[in-house]
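If you read the sequence shown in the numbering used here, its first letter stands for residue 2, the second for the next number, and so on. Take a look at the structure below.
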Amino acid sequence: MADNIARVFADAIAPDPARPLLTWYDDASGERTELSGATLANWVAKTANLLVDEAALAPGDTAAVLLPPHWQTAAVLLGCWSAKLTVAEAPGDVDVLFAAAGRVDEAGDWPAGERYALGLDPFALPLRQVPAGFADFVSAVRGHGDHFTPYPEGGEDDAALLARAEARAAELCLTPGDRLLVDTDRFPDPADWLLAPLTAGATLVACANLNPTHVDARTATEKVTRALT
């Protein structure tokens, strides 16, 4: 069983860094964003470098991620795990907080040394108005390096998260080369919508506000082979 999320991510990209690894849809807004493995890896590396170089965080420090499933959320989570942070599940003191712009009012439940807000713009545009007490994640992360060397051992929660992801991948019979469509509203756990395909070497079509009438056409267009809906 794998016990290092950063290594699982690297292994998922290695066969073909240029292939679409994560395609994001939001049927409410009409958004579609496609990221290759190389592009997502750059975002992950920038996030990890932000955490280590700017926020001065160390392995074992904690992060709160108040974000819905989204391609930017994937970058934040994988960046945290690459920097060997623990992503907290219950409110409390944390070392860094990432919050969607619409959820910054929850920050009081998560006292944090560093706080970043995300607008989750489809083109990763900066926030037009940054909430008080927060830095704009997109503006902050862009200045950091495209490469980060993950720690050789995973964080405290890596093994448990990957065990759940591998169980979901086995349930779906995912294999390398599969393309998984996920209804992220029904399956918001990152072990399902993000890590399960990565553990199997599969790629991902993640859909928010999934319109059932779009599923057949999307399955054909995106060459989907498995679904979690």
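Don't be surprised by glycine CBs; every beta carbon is placed ideally from N, CA and C. Computed from a predicted structure; not experimentally measured.
The Cβ-Cβ distance between residue 175 and residue 201 falls below 8 Å. The beta carbons of residue 156 and residue 229 sit no closer together than 8 Å.
By the Cβ rule, the region 110 to 121 counts as touching the region 60 to 74, because three or more pairs are nearer than 8 Å.
With the rule of 3 Cβ pairs closer than 8 Å, the region 38 to 51 counts as touching the region 76 to 93. If you draw a straight line from the Cα of residue 135 to the Cα of residue 90, it is about 21 Å long. In the structure shown, the three-state DSSP call for residue 136 is strand.
When DSSP states are grouped into helix, strand and coil, residue 154 belongs to the coil group.
59 is the residue among 125, 59, 169 and 186 whose C-alpha sits nearest the C-alpha of residue 97. For a cut-off of 8 Å, the C-beta gap from residue 225 to residue 182 is around 4 Å, short enough to register as a contact. Residues of the same chain with a CB within less than 6 Å of the CB of residue 62, apart from the 5 flanking positions on each side, are 86 and 96 in chain order.
Shown here, residue 83 sits in a helix according to DSSP, grouped into three states. Considered as a whole, the region 53 to 125 harbours 72 to 83 as its complete alpha helix (DSSP H) runs of no fewer than 4 residues, in chain order. Taking 8 Å as the upper bound for CB-CB distance, residue 180 and residue 223 are in contact here, some 6 Å apart. The count of Cβ pairs closer than 8 Å, one atom from the region 108 to 115 and one from the region 15 to 26, stays below three, leaving the stretches out of contact. Given a length threshold of 3 residues, each whole run of the beta strand (DSSP E) inside the region 164 to 201 is given here in chain order: 180 to 184.
In the three-state scheme derived from DSSP, where H, G and I count as helix and E and B as strand, residue 219 is classed as helix. Per DSSP, residue 41 is not a residue of any beta strand (DSSP E); the alpha helix (DSSP H) it occupies stretches across 38 to 50. 154 is the residue among 154, 188 and 220 whose C-alpha sits nearest the C-alpha of residue 4. Its chain contains 67, 68, 69, 119 and 121 as the residues whose beta carbon lies nearer than 7 Å to that of residue 101, once the 5 sequence neighbours on both sides are disregarded; these appear in chain order.
In the three-state reduction of the DSSP assignment, residue 214 falls in the helix class, which pools H, G and I. Contact between residue 194 and residue 185 is confirmed by a C-beta separation of about 5 Å, below the 8 Å threshold. Judged by DSSP in its simplified three-state form, residue 7 adopts helix. If the five residues before and after residue 88 are omitted, its C-beta is found closer than 8 Å to the C-beta atoms of 63, 64, 65, 66, 78, 81, 82 and 158, all from its own chain and listed in chain order.
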